[in-house]
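Q:
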Amino acid sequence: MKKLVVLTGAGISAESGLKTFRDSDGLWENHPIEEVATPEAWRKNPKLVQDFYNMRRKDVLHATPNSAHTALAKLEEKFDVTIITQNIDDLHERAGSTNVLHLHGIITRSQSSINPNLTYSINGWELGMDEVCELGSPLRAHVVWFGEAVPMIEKAAAICAEADLFILVGSSLAVYPAAGLVNYVPHHITKYIIDPHIPVVNQRGPVIKIEERASIGVPKLVNELLLSGMV
Ligand code: APR
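Right, dumping it as structure tokens:
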């Protein structure tokens with residue numbers, strides 16, 4: 335089976351009602367990043383940070399996968415699919431994708447605030463300030479904050495380097511190191527980009543731009559790929 339790598343960003347979950355970060359009503363505008371998504375913010379005002387992620391977790395639990403998520407899951411019928419997502423929601427998994435790599439963590443899990451390798455599932459949407467890990471330190475959202483390392487980046491780069499096909503959906507490619515993953519895809523491999531505002535990709539090799547919302551562009555492309563002899 336051909337290896338198909340999909341890199342997704344906030345745009346694929348926009349039609350599930352989860353705000354993106356940089357569109358006009360982007361999430362960060364309501365909250366300066368420095369106040370809610372950095373280790374300093376956690377040190378300064380852990381309750382504000384915990385509440386911010388509790389509200390986002392509540393939104394995620396109330397959201398449902400859209401036709402783009404379900405179409406990507408269908409690709410597993412004929413391709414060896416890896417989804418590398420910058421999103422911290424679990425919509426790819428809930429749509430049926432079985433091989434999802436969360437570059438920036440996943441909001442449905444918590445992590446120890448002194449050892450990021452200790453992670454726990456969260457029942458419901460609320461993570462209390464009194465909840466502690468097995469070492470006794472407070473639990474925080476299992477999310478990579480700005481200024482923190484992205485432990486999965488090397489694994490993600492190696493996966494991109496092996497791609498036979500590559501699809502980018504709903505990312506502005508504004509945040510590194512995630513945005514740099516496109517450069518690991520071999521130049522001769524066809525890259526499909528689905529986004530109503532196609533980001534700049536300074537790439538040699540074939541790039542097919544689909545200026546559509548994910549819920550329109552992704553199912554169309556998936557049907558073409560499943561019907562093509564490319565498998
Ligand atoms: N369908 C497809 N793409 C869409 C849709 C849609 N319905 N709506 C918006 N988009 C596109 C936008 O045009 C933009 O290119 O989704 C992209 C959203 O970009 P960002 O908001 O920057 O999201 P993302 O690229 O995922 O951000 C990367 O930044 O804030 C950090 O850690 C956070 O993972 C996030 C990272």
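Each residue of the sequence shown is one higher than the last, beginning at 335 in our numbering.
Note that beta-carbon positions come from the ideal geometry of N, C-alpha and C, so glycine has one too.
All values reported here derive from a predicted model rather than from experimental measurement.
Could you tell me if Asp529 is buried or exposed, where buried requires 16 or more neighbouring beta carbons within 10 angstroms of its beta carbon?
A: By the neighbour-count rule (16 or more Cβ atoms within 10 Å), Asp529 is buried.
Q: Could you tell me whether any non-hydrogen atom of the ligand APR is closer than 7 Å to the CB of Phe386?
A: It does not: the Cβ of Phe386 is nowhere closer than 7 Å to a heavy atom of the ligand APR.
Q: Rank Ala490, Lys543, Val552 by C-alpha distance to the C-alpha of Leu435 and give the top, closest one.
A: Nearest option by C-alpha distance: Ala490.
Q: What does the Cβ neighbour count give for Ser506, buried or exposed, with the cut at 16 atoms within 10 Å?
A: Burial call: buried.
Q: Are there 16 or more other CB atoms within 10 angstroms of the CB of Leu561, so buried, or fewer, so exposed?
A: Leu561 should be labelled exposed.
Q: Whose C-alpha, out of Asp423, Ile418, Leu555, Ala495, is nearest the C-alpha of Leu352?
A: Cα-wise, what sits closest to Leu352 is Asp423.
Q: By how many angstroms is the C-alpha of Ala512 removed from the C-alpha of Leu437?
A: Distance between the alpha carbons of Leu437 and Ala512: 7 Å.
Q: Which value, in whole angstroms, describes the spacing of the CA atoms of Asn536 and Val509?
A: Roughly 15 Å separates the two Cα atoms.
Q: Based on Cα-Cα distance, which residue from Gly458, Ser347, Arg356 lies nearest to Asn421?
A: Here the closest residue by C-alpha is Ser347.
Q: From the DSSP output, read off the bridge partner residues of Thr342.
A: Paired residue(s): Thr419, Val503.
Q: Whole angstroms is fine: what's the gap from Glu291's alpha carbon to Lys392's?
A: In the structure displayed, the chain extends from 335 to 565; residue 291 sits before or after that span and is not available.
Q: In the DSSP assignment, what residue or residues form a beta bridge with Leu543?
A: Note that residue 543 is Lys in the sequence shown here, rather than Leu. Ile527, per the DSSP bridge assignment.
Q: In chain order, what residues of the same chain have a beta carbon less than 7 Å from the beta carbon of Gly458, not counting five sequence neighbours either side?
A: No residues qualify anywhere along the chain.
Q: Tell me which residues share the same chain as Ile527 and place their Cβ nearer than 6 Å to its Cβ, disregarding the 5 neighbours each side in the sequence.
A: If we look at Ile527 and ignore the five residues flanking it on each side, its Cβ neighbours are Leu502, Lys543.
Q: If you compare alpha carbons, which of Ser447, Ser446, Ala405 is closest to Gly430?
A: Selected option, being the one with the closest Cα: Ala405.
Q: Give me, in chain order, the residues of the same chain whose beta-carbon lies closer than 8 Å to that of Leu382; leave out the 5 immediate sequence neighbours on both sides.
A: So the list reads Glu369, Val370, Ala375, once near-sequence residues are dropped.
Q: Alpha carbon to alpha carbon, how far is Glu349 from Asp414? Give it in angstroms, no decimals.
A: Asp414 and Glu349: Cα-Cα distance of roughly 26 Å.
Q: How should Asn400 be labelled, buried or exposed, when 16 other C-beta atoms within 10 angstroms of its C-beta is the threshold for buried?
A: Under this definition Asn400 is a buried residue.
Q: Rounded to whole angstroms, how far is the Cβ of Ala402 from the Cβ of Pro553, which I believe are closer than 8 Å?
A: About 7 Å separates the two Cβ atoms, so the contact holds.
Q: Is Ala497 helix, strand or coil by DSSP?
A: DSSP places Ala497 in coil when its eight states are reduced to three.
Q: Pull up the distance between the alpha-carbon of Arg443 and that of Lys378, whole angstroms please.
A: About 22 Å.
Q: When every heavy atom of the ligand APR is checked, does at least one fall within less than 7 Å of the C-beta of Arg547?
A: Yes, since a heavy atom of the ligand APR falls inside the 7 Å radius drawn around the Cβ of Arg547.
Q: Please name the residue, chosen from Thr342, Met389, Pro373, that lies closest to Phe480 on a Cα-to-Cα basis.
A: The candidate whose alpha carbon is nearest that of Phe480 is Pro373.
Q: In terms of alpha-carbon separation, which member of Glu558, Ala483, His521 lies closest to Glu496?
A: Closest option to Glu496, Cα to Cα, is His521.
Q: Quick one: what's Gln445 bridged to in DSSP?
A: BP columns for Gln445 point to Thr453, Arg474.
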